[in-house]
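Shown next, in structure tokens, is the structure this report addresses.
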Ligand SMILES: NC(=O)c1ccc[n+]([C@@H]2O[C@H](COP(=O)([O-])OP(=O)(O)OC[C@H]3O[C@@H](n4cnc5c(N)ncnc54)[C@H](OP(=O)(O)O)[C@@H]3O)[C@@H](O)[C@H]2O)c1
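In the working numbering, the protein residues as written are 108 to 364.
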């Protein structure tokens with residue numbers, strides 16, 4: 108896809124991968140709109156990159172998506188790229204007490220969120236001369252990290268949804284990309300991986316992930332799997348039992364707590 112002159116909506120663009128990608132896309136001459144739930148984080152992002160358009164919007168709230176759609180299509184009718192990046196990741200010990208809502212919170216944000224965004228914005232994207240949807244999944248879409256069971260299920264689901272969407276949109280102008288990042292240095296990772304969990308894991312700097320993403324998009328690489336994300340996918344095919352056992356090691360530490 109072309110990487111300049113687009114109008115791009117990035118969900119969850121107020122920190123981490125979304126913000127770094129948004130900044131790189133602004134530098135390439137795109138109009139970039141970012142969303143998030145926390146206005147203070149959006150304000151900080153705007154201070155860092157004044158050209159960003161920031162809009163408070165939660166991908167797990169249907170009325171927020173409707174309001175976002177109305178505003179973006181009115182104020183930025185050239186919108187031609189949707190990046191479904193917003194996501195949360197939690198360690199869940201299934202032996203501990205959680206409400207049903209707490210248990211499945213990631214499904215609302217990481218899986219229903221992108222699906223609702225696609226449902227709402229697809230008619231607009233289909234009317235553009237060319238358009239793209241980029242779904243941000245994870246290397247953990249290919250093999251789960253069992254300490255984060257719901258997160259990994261949402262990312263496997265988003266991978267599957269992206270494959271189906273790509274097939275159904277094959278005769279349209281809308282390209283469907285999937286970005287499956289490896290462990291990347293962001294707030295999300297800091298909240299879920301202890302120093303012990305990081306042993307044997309190469310954590311990618313955000314700038315490196317963004318560079319690989321830009322290159323992949325420019326080369327029309329529909330499934331972008333930088334670094335260890337690609338290794339996880341390969342291992343899930345070549346030695347699925349071995350790689351699952353490797354990723355299962357932190358479970359004993361979690362159960363002992
Ligand atoms: N970092 C990694 O190692 C890694 C690896 C693989 C995949 N990923 C994926 O990459 C994406 C970005 O993650 P990150 O690491 O950059 O995390 P991050 O720094 O925590 O950023 C997450 C962004 O999403 C926003 N967000 C969270 N819930 C939202 C909601 N319901 N509606 C709208 N925005 C929401 C956050 O802002 P607010 O909190 O203000 O809403 C923030 O802007 C996620 O989908 C994640 O699963 C990350």
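Even glycine gets a Cβ: it sits at the ideal position worked out from N, Cα and C.
Looking at the DSSP output, residue 138 shares a beta bridge with 114.
In the three-state reduction of the DSSP assignment, residue 330 falls in the strand class.
In the three-state reduction of the DSSP assignment, residue 299 falls in the helix class.
Pairing residue 292 with residue 150, the inter-Cα distance amounts to about 21 Å. At the C-beta level, residue 240 and residue 321 stay beyond 9 Å of one another. Per DSSP, the continuous alpha helix (DSSP H) segment holding residue 208 begins and ends at 207-210.
If you compare the alpha carbons of 304, 344, 324 with that of residue 361, the shortest gap goes to 304. For residue 163, the three-state secondary structure derived from DSSP is strand.
In the three-state reduction of the DSSP assignment, residue 182 falls in the helix class. Less than 9 Å divides the Cβ of residue 236 from the Cβ of residue 187. Counting along the chain, the unbroken beta strand (DSSP E) around residue 285 starts and ends at 281-286. Selection 317, 337, 326, 349 evaluated against residue 132 yields 317 as nearest (Cα-Cα).
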